[in-house]
Structure formats: C-alpha cells, structure tokens
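Worksheet for the structure shown next.
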Amino acid sequence: MGRKRKSGEGTVRLRKDGRWEGRVVIGYDDKGLPKTKNVLARTKGECVEKLSALKNVVTPTAAVKVRSDMPFGEWMTFWYETCCKPAVRPNTRTGYENNIRLYIRPRLGNVPLNKLTANDLQRFINWMRQDGRSEYRESRGDGLSANTIRHCYGLCRRALEKAVAEKLISQNPAKECKLPSARRMEMRLLNREELQKLLIQARAEGYYEVFLLELTTGLRVGELMALQWDDLNLNTGELRIERQVYQIKGELLIQPPKNKASIRTVILPPAVVAALRMYKQAVSSRWIFPSPKKEDAPIAPSVVSHRLAKILKHAGCKKVRFHDLRHVFATNALEHGMDVKTLSTIIGHISSATTLNVYAHVTDDMQKQAAAKIDRGIGRAEAAEPAPPAEPKAMMTDFQPTWKGRRRWGTGSLSQSKSGRWTGRCAITWPDGRLETRNVHADTEEECERLLAIMIAEMRAEVAAEKERLRAESKAG
Numbered sequence: 027m028g029r030k031r032k033s034g035e036g037t038v039r040l041r042k043d044g045r046w047e048g049r050v051v052i053g054y055d056d057k058g059l060p061k062t063k064n065v066l067a068r069t070k071g072e073c074v075e076k077l078s079a080l081k082n083v084v085t086p087t088a089a090v091k092v093r094s095d096m097p098f099g100e101w102m103t104f105w106y107e108t109c110c111k112p113a114v115r116p117n118t119r120t121g122y123e124n125n126i127r128l129y130i131r132p133r134l135g136n137v138p139l140n141k142l143t144a145n146d147l148q149r150f151i152n153w154m155r156q157d158g159r160s161e162y163r164e165s166r167g168d169g170l171s172a173n174t175i176r177h178c179y180g181l182c183r184r185a186l187e188k189a190v191a192e193k194l195i196s197q198n199p200a201k202e203c204k205l206p207s208a209r210r211m212e213m214r215l216l217n218r219e220e221l222q223k224l225l226i227q228a229r230a231e232g233y234y235e236v237f238l239l240e241l242t243t244g245l246r247v248g249e250l251m252a253l254q255w256d257d258l259n260l261n262t263g264e265l266r267i268e269r270q271v272y273q274i275k276g277e278l279l280i281q282p283p284k285n286k287a288s289i290r291t292v293i294l295p296p297a298v299v300a301a302l303r304m305y306k307q308a309v310s311s312r313w314i315f316p317s318p319k320k321e322d323a324p325i326a327p328s329v330v331s332h333r334l335a336k337i338l339k340h341a342g343c344k345k346v347r348f349h350d351l352r353h354v355f356a357t358n359a360l361e362h363g364m365d366v367k368t369l370s371t372i373i374g375h376i377s378s379a380t381t382l383n384v385y386a387h388v389t390d391d392m393q394k395q396a397a398a399k400i401d402r403g404i405g406r407a408e409a410a411e412p413a414p415p416a417e418p419k420a421m422m423t424d425f426q427p428t429w430k431g432r433r434r435w436g437t438g439s440l441s442q443s444k445s446g447r448w449t450g451r452c453a454i455t456w457p458d459g460r461l462e463t464r465n466v467h468a469d470t471e472e473e474c475e476r477l478l479a480i481m482i483a484e485m486r487a488e489v490a491a492e493k494e495r496l497r498a499e500s501k502a503g
C-alpha cells in the first residue's frame, strides 16, 4: 500500500479501466462541500505530474487581498491558513478544518467582515444548538454538542480578534454572545475489586504491563504508547515522559507533548519496576509496548483503547474509557494523601489549578474530612456522635480470567495437558514464507508464560537477522 498523501496534495487512485486518476479540492460550495477537479493518465508517474500542474493552475500562490468588506468566510480561511494552522498539531487541524467547512462557512461565509454583528453570531450559535447536525447526520439528533458549539465560537472569536488587531474592524462582535455551558464528561471509576479483575484478565490476554503501568502513573494513552526502553531506568525506577503518539487518518505520528509541563519524570514503585524488568526479556524492540504487526512501531492508541473495552467486558466490569484509568490513578493518589501540587506534576497538568478543577469532587471530600477532624479536636469535651459502621475492607478477589484463548496477537498460546504440564506454542513466518512452530514446556503457567515470551523474542530476533542478511545480499548482488 502506498503512503498517504498530505492534506492539500490531492489524491491519486487506479481506476477500474486501468487509468490513473488524480483529484484535488479547488474550493467549497455554499453548503461547505468540496469542489474538485481531476486529471487522467496511463501511468501513476504521469498522473502525479499532471496533478501537480493542475494544482499550480487552480490554486495560485498569489496572496489574498485583505480588506474590511471581504466575506467572513474568506477572512476565516485566510486567518486559519496564515495565523492558526502553522501553530497547531495535525490532529487539531482536522477538527478546526471540519468546523470551518461544515458549520462556519455555510452559515456566515457570505457576510461581509465589517458587517458581521453579535446578532449574526448569536443566530449562528442558536442554529448549531437546534439544527447544526441535522443537515449532515440525521440519525444522531439535530443539535450539536455544547463543546462543538464552543469550539466553533472560539474559532470565530479568535479570527475576529485578529481582524481587530489588523484594524479591519473596530471591535469584536463575538464578545457579546451567550454560549451553552461547557459540559465535562463524567468520570467513571473502577473500584478495588474491578481493578483486580482488570489486571487479572489483562494478564491472561497479554496486556498486563500496559494497564499496570497506566494505573501506577496516570499517563495519557498517547504518552504511554510512546514510551521507549531508553526512557526507563530499571535501577532507579525513573521514567521519563518526553513524547506522545497519536493517529491521523490511520497514520501514527510521534511528537513532543503539547506543553512543557507534560515533559516530566516519574518514579515507579519497586514492584512495577520488577514486573517491567521481567517483561523486557520478552521484548526485542526499542518501544516498551511495540506493535505486534508493524515493524519498529508502538501499539496504536486506538488499539489499546479497544482492547480495554474487550478486557473489561470479559472480566465482567463496567465500561470505562482509557482516560478514566488516568482519573482512577489521580483519585486514588489524592485519597491516599498525595498533595495536589505533587499530583499535578506527576500527571503533567500545567498548574495545580487545573488539577483542582478536574478533581474538585475528591478535594471537597478531603476538606470535609479535615474539617471534621478539626471539629473533633476542638470539641473534645463534647459527646461525640456515634461513628457510622466501618465498611468491610475489600479482599483480594478470587476472580478467574475468562476468554483465555483471546491473547494478544503475536504472544503465542498456552495449553495444559492431562498430566498438568503446560505447553507454550508460537508460530512465526520466515522471510521466504516458511512457517515454523516452536514449543516450550513448564510445570506452572507462570513459568510457561515466561519461557514462551523469551522464545518469541528469540524467534523475532532470528527473523530480523535473516531479513537483514537478505537485504545485504540483495545490495551486494
């Protein structure tokens, strides 16, 4: 499969009649839908050349003439391309471009910049609340979410602020608009028994280390998947977070975190370090959590999020998002006495105020407990109210993993004979297409898992060495 072309490059495809077709977006109609032009050629190379020539004709590089009475849609595009797009990440660009194309340009695009009023913007906001979705996704309701509305409004406000700075308009009409209240997605937390079930089931399915590390650090999913072995000091337990992975149209991109606070070092508990030290014996990649299907690539964030949903279902736990595991870590840390400033540093928030805002419900409970302790200390002579009966302490669950046959791709399989001995089996394909299966045997399941992981790492190393040898021979030949 060929590489994905960047946004703005156009598309190239092979038609059923054997000819190659190149297509490029040349603009948008009144409804925000793209208008395109195409070229045809007998070969892919010829098609790419024709497409490049077409782009030079239909998308000239001449600068946009900025004026106060230009349509707001043109000003919005100019502001986005020159002031906004270069400063934001590719995944953020996709959201911005969709909001401009689907909502802002169709409703406000023809209004002259210097004639745009607060009433125009308020009617636009009201339309998004009532009918914004109906033109595109009839089955999901009519109105857009409060967050989408606020994002669209934010783009308009920032573009108009720039117009004020450029003296194209005297004041920003967006300042007088009334917005729907922002809605924070409700946290769904796992209790102690559910956490135990999650880890037990994750071990059976080959994802134990992924969720163990998440529950003891609270990393964002992109940060967790971007970890490399060079980031971890197995002697001191120091883990450095300095990059993250995210997906754009199926392609994985590795970049530094979006703010300086996200570049940080956390200290892992000794038990977690020991688990990762044993886990490393089975990994022959620079990534801590390598993709089992793609060479020299980490697991995609979407893959591990989908796997979490399946593991929770197999374990009989309620459904939570991967990001909720970050909330689980933070909530447990606060409830066990960690101060907000330390927690803010560990989870990579810009300031403690952000942490206090997100976990206000936890800190409120802590303040009530502290106030009760102070009150009891001051009023010792007064008769104390009877304390509520203590809840029984959560015991270790006796949960046994289900769906043990559903293991992570590339981790082999386990079986137990009638005599009680365990056998680990893994198949691997050599560069010449030959399929080979190898086995290991042990008296216990844990030992068999360990030996199987080591064997798989050795097999992968052998295959990689064989590929390198064949590459060297082909270059020499």
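The numbers in the sequence shown follow this note's numbering, run straight up by one, and end at 503. Even for Gly, the Cβ is constructed at its ideal location relative to N, Cα and C.
Rounded to the nearest angstrom, what separates Ser207 and Ala172 at their Cα positions?
7 Å
Could you give the distance in angstroms between the alpha-carbon of Ala185 and the alpha-carbon of Thr174?
17 Å
Between Leu221, Lys367, Lys501, Arg476, which has its C-alpha nearest Ser378's C-alpha?
Lys367
What residue from Pro132, Gly263, Pro316 has the CA that sits closest to Gly517's CA?
In this structure the chain extends from 27 to 503, so residue 517 is not present and cannot be described.
Put Ser450 into one of helix, strand or coil per three-state DSSP.
The sequence given here places Gly at residue 450; Ser does not occur at that position. Note: Gly450 maps to strand in three-state DSSP.
Runs of 4 residues minimum, wholly inside the region 207 to 286: which ones carry the alpha helix (DSSP H) assignment?
218 to 230, 234 to 243, 247 to 251
When the Cα atoms are used, what is the spatial distance from Ala144 to Lys204?
10 Å
Take Pro418 and list the residues in its own chain whose beta-carbon comes closer than 6 Å to its own, dropping the five residues that flank it on each side.
Note that Pro418 scores a pLDDT of 45, beneath 50, so its modelled location is shaky and nothing firm can be said.
If you count every other CB in all the chains shown that lies within 10 Å of the CB of Lys493, and 16 or more means buried, which is it?
exposed
Taking Arg290 as the reference, give the member of Met96, Leu478, Glu475, Thr243 with the closest Cα.
Thr243
Tell me, please, whether the region 465 to 480 touches the region 256 to 271 by the rule of three or more beta-carbon pairs shorter than 8 Å.
no
Please classify Pro86: is it buried, with 16 or more other beta-carbons within 10 angstroms of its beta-carbon, or exposed?
Any answer about Pro86 is weak, because its pLDDT of 46 lies below 50 and its placement is not dependable; what the coordinates show is given next. Exposed is the call here.
Following the continuous alpha helix (DSSP H) through Asn465, name the residue where it begins and the one where it ends.
Where Asn465 is concerned, there is no enclosing alpha helix (DSSP H), although the beta strand (DSSP E) it sits in stretches over 461 to 468.
Alpha carbon to alpha carbon, how far is Leu216 from Ala420? Give it in angstroms, no decimals.
For Ala420, the predicted model reports a pLDDT of 47, less than 50, meaning its position is unreliable; a value from the coordinates is still stated below. Distance between the alpha carbons of Ala420 and Leu216 is about 13 Å.
What residues are listed by DSSP as bridge partners for Gly48?
Val38, Val65
For Ile130, does the three-state DSSP call read helix, strand or coil?
helix
Other residues of its chain near Gln307: CB distance less than 8 Å, five sequence neighbours each side excluded
Arg476, Ala479, Ile480, Ala483
8 Å Cβ cutoff met for Asn117 and Tyr272:
yes
Can you tell me which of Asn64, Pro60, Val388, Ile52 puts its alpha carbon nearest to the alpha carbon of Arg40?
Reading off the sequence, residue 40 comes out as Leu, not Arg. Minimum Cα distance to Leu40 is reached at Asn64.
Taking buried to mean at least 16 other C-beta atoms within 10 Å of its own C-beta, is Trp456 buried or exposed?
exposed
Roughly how many angstroms lie between the CA atoms of Val114 and Gln281, to the nearest whole one?
12 Å
Apart from the five residues on each side of it in sequence, which residues of its chain come closer than 7 Å, Cβ to Cβ, to Ser94?
Leu139, Asn140, Leu194, Ile195
DSSP has Val292 in a bridge; who is on the other side?
Leu265
Pull up the CB-CB distance for Arg451 and Ser439, whole angstroms please, since I reckon it's below 8 Å.
5 Å
Alpha helix (DSSP H) containing Ser370: first to last residue?
366 to 373
Are the beta-carbon atoms belonging to Gln254 and His340 less than 8 Å from one another?
no
From Lys336 to Pro427, what distance separates their C-alpha atoms?
13 Å
Terminal residues of the alpha helix (DSSP H) in which Gln156 lies:
144 to 157
Does the distance from the CB of Val12 to the CB of Gly48 come in under 8 Å?
Limits of the chain in this structure are 27 at one end and 503 at the other, which puts residue 12 out of reach.
Count the other C-beta atoms from every protein chain shown that fall within 10 angstroms of the C-beta of Ile151, then say buried if there are 16 or more, exposed otherwise.
buried
Please classify Gly99 as buried or exposed, where buried requires at least 16 other C-beta atoms within 10 Å of its C-beta.
buried
Per DSSP, what kind of secondary structure is Pro138 in: helix, strand or coil?
strand
How should Pro327 be labelled, buried or exposed, when 16 other C-beta atoms within 10 angstroms of its C-beta is the threshold for buried?
buried
Quick one: grab the DSSP three-state call for Leu338.
helix
Let's see if you can read the secondary structure: which residues bound the beta strand (DSSP E) around Ser441?
439 to 442
Trp46 vs Ala79 beta-carbon contact at 8 Å:
no
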